[in-house]
Amino acid sequence: MTKNGSLLEQAGAWLLALLWLAPLFYAIWAAFHGSAHVVNFDLSAPLTLDNFALAWERAPFARYMLNTAILVSLILAGQFLLCTLSAYAFARFRFPGSETAFLVVLLQLMIVPEVLIVRNYATLGELGLIDTFTGVALPYMASAFGIFLLRQAFKGVPRELEDAARVEGCGTLGILWRVYIPAARPTYLAYGLVSVSYHWNNFLWPLVVTNSTETRPLTVGLALFGAPESGVDWSVMSAATLLSVAPLLVAFLLFQRQFVQSFMRAGIR
59 MTKNGSLLEQ
69 AGAWLLALLW
79 LAPLFYAIWA
89 AFHGSAHVVN
99 FDLSAPLTLD
109 NFALAWERAP
119 FARYMLNTAI
129 LVSLILAGQF
139 LLCTLSAYAF
149 ARFRFPGSET
159 AFLVVLLQLM
169 IVPEVLIVRN
179 YATLGELGLI
189 DTFTGVALPY
199 MASAFGIFLL
209 RQAFKGVPRE
219 LEDAARVEGC
229 GTLGILWRVY
239 IPAARPTYLA
249 YGLVSVSYHW
259 NNFLWPLVVT
269 NSTETRPLTV
279 GLALFGAPES
289 GVDWSVMSAA
299 TLLSVAPLLV
309 AFLLFQRQFV
319 QSFMRAGIR
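In the numbering used here, the protein residues as written are 59 to 327.
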């Protein structure tokens with residue numbers, strides 16, 4: 059590759075990065091300035107924290123954050139449990155129709171979740187789980203992506219480790235807990251980060267299922283907070299947006315190195 063080609067690629071990468079970061083930069087600017095300076099980029103404009111105080115007072119963001127944390131934790135715990143057991147079965151056990159069953163599981167990757175909203179809502183209505191954390195989390199606990207990812211990680215564990223564990227007296231679940239799960243720790247970290255990020259930002263399904271402040275997550279609460287009929291103050295709205303994304307942004311900045319390394323070890327390209 060020529061020097062000019064390399065410089066062109068770097069310039070293109072910087073341009074794409076700036077375009078991607080532009081909305082975040084604007085939100086930061088608007089959140090720390092008054093309404094008069096939202097579109098007037100005057101570097102001498104005074105900074106203020108009043109927008110954050112107003113946003114915090116006008117909507118129960120503390121409750122929304124707690125709801126989102128509970129929801130994300132519930133989904134992740136369910137995914138780790140179900141995906142681990144399923145992946146272990148597909149990776150180390152042979153039973154009639156195992157390959158066909160695994161292919162059926164992979165078909166879930168081809169189905170857009172929004173297609174199943176009506177059917178899932180009707181099912182939750184029959185179970186009495188509308189407007190509950192369980193109702194929001196239930197459709198996402200059996201993840202085909204998680205099963206596939208962990209299955210590949212488990213298949214890479216040497217059989218000799220399993221045989222040694224059996225000699226030591228471990229049963230089936232003991233082998234899973236002491237051999238396979240520790241060996242797949244980078245994969246768990248990579249998948250956990252993806253799952254938390256996705257469900258922290260998930261909007262449509264929680265909007266359909268939740269009806270009250272007690273279960274409403276941040277994304278739905280932020281959308282209701284910024285509804286046009288209630289009037290839109292872009293400074294306050296930007297402050298509320300930063301409050302919503304701050305936990306994920308801080309977590310990513312703190313664990314950026316582990317995030318990248320876990321994906322490389324997990325073999326995700």
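Glycine included, C-beta positions come from ideal geometry on N, C-alpha and C.
Proximity of residue i and residue j at Cβ, strictly below 8 Å
| i | j | result |
| --- | --- | --- |
| Leu-167 | Ala-211 | no |
| Tyr-198 | Ile-133 | yes |
| Ala-223 | Gly-232 | yes |
| Phe-151 | Ala-298 | no |
| Ala-85 | Gly-279 | no |
| Ser-253 | Gln-137 | yes |
| Leu-174 | Leu-187 | no |
| Val-162 | Ile-205 | no |
Residue i, enclosing alpha helix (DSSP H) - first and last residue
| i | result |
| --- | --- |
| Val-278 | 276-283 |
| Val-308 | 292-312 |
| Glu-172 | Where Glu-172 is concerned, there is no enclosing alpha helix (DSSP H), given that its DSSP letter is neither H nor E. |
| Pro-244 | 243-259 |
| Met-123 | 119-150 |
| Asn-109 | 108-116 |
| Pro-104 | Premise fails: Pro-104 is in no alpha helix (DSSP H) and is neither H nor E. |
| Pro-216 | Counting along the chain, Pro-216 falls outside any alpha helix (DSSP H), and DSSP gives it neither H nor E. |
Alpha-carbon spacing of residue i relative to residue j, whole angstroms
| i | j | result |
| --- | --- | --- |
| Arg-236 | Glu-220 | 9 Å |
| Thr-268 | Ala-309 | 26 Å |
| Thr-106 | Gly-92 | 7 Å |
| Leu-139 | Leu-301 | 31 Å |
| Arg-177 | Glu-184 | 11 Å |
| Ile-239 | Leu-262 | 33 Å |
| Asn-259 | Thr-277 | 6 Å |
| Phe-160 | Phe-148 | 7 Å |
| Trp-78 | Arg-217 | 45 Å |
| Leu-312 | Gly-155 | 44 Å |
| Pro-104 | His-95 | 9 Å |
| Ser-296 | Thr-126 | 19 Å |
| Asp-291 | Ala-80 | 20 Å |
| Leu-65 | Leu-307 | 30 Å |
| Leu-74 | Val-225 | 55 Å |
| Val-130 | His-257 | 6 Å |
| Ala-248 | Leu-165 | 22 Å |
| Glu-67 | Phe-110 | 39 Å |
| Val-97 | Leu-76 | 18 Å |
| Phe-153 | Ile-169 | 26 Å |
| Glu-338 | Gly-250 | Because the chain spans 59 through 327 in this model, residue 338 falls outside it and cannot be assessed. |
Chain-order list of residues whose beta-carbon lies under 6 Å from that of residue i (same chain, five-residue window excluded)
| i | result |
| --- | --- |
| Ile-326 | Unreliable placement is indicated for Ile-326, whose pLDDT of 46 sits below 50; the coordinate value is still reported in the next sentence. Excluding sequence neighbours, Ile-326 sits near nothing in its chain. |
Chain-order list of residues whose beta-carbon lies under 7 Å from that of residue i (same chain, five-residue window excluded)
| i | result |
| --- | --- |
| Leu-208 | Cys-141, Thr-142, Ala-145, Ala-242 and Thr-245 |
| Asp-189 | Val-267, Thr-268, Asn-269, Ser-270 and Thr-273 |
When the options are compared against residue i, the one with the closest alpha-carbon
| i | options | result |
| --- | --- | --- |
| Leu-100 | Asp-108, Asn-109 and Phe-90 | For clarity, residue 100 is Asp in the given sequence; the question names Leu instead. Closest by alpha carbon: Phe-90. |
| Met-123 | Leu-282, Phe-313 and Thr-273 | Thr-273 |
| Thr-181 | Gly-193, Ala-80 and Gly-279 | Gly-193 |
| Leu-112 | Val-294, Ala-304, Leu-307 and Gln-314 | Val-294 |
| Ala-304 | Gln-137, Leu-82, Ser-270 and Trp-292 | Leu-82 |
| Ser-102 | Asp-108, Trp-87 and Trp-114 | Trp-87 |
| Phe-191 | Glu-172, Val-170, Leu-265 and Leu-234 | Leu-265 |
| Ala-200 | Ala-281, Asp-108, Ala-135 and Ala-71 | Ala-135 |
CB contact check: residue i to chain C, cutoff 8 Å
| i | result |
| --- | --- |
| Gly-279 | Absence of chain C from the displayed structure is noted, only one protein chain being present. |
Same chain, Cβ closer than 8 Å to residue i, neighbours up to 5 away in sequence not counted
| i | result |
| --- | --- |
| Tyr-179 | Ile-188, Val-266 and Val-267 |
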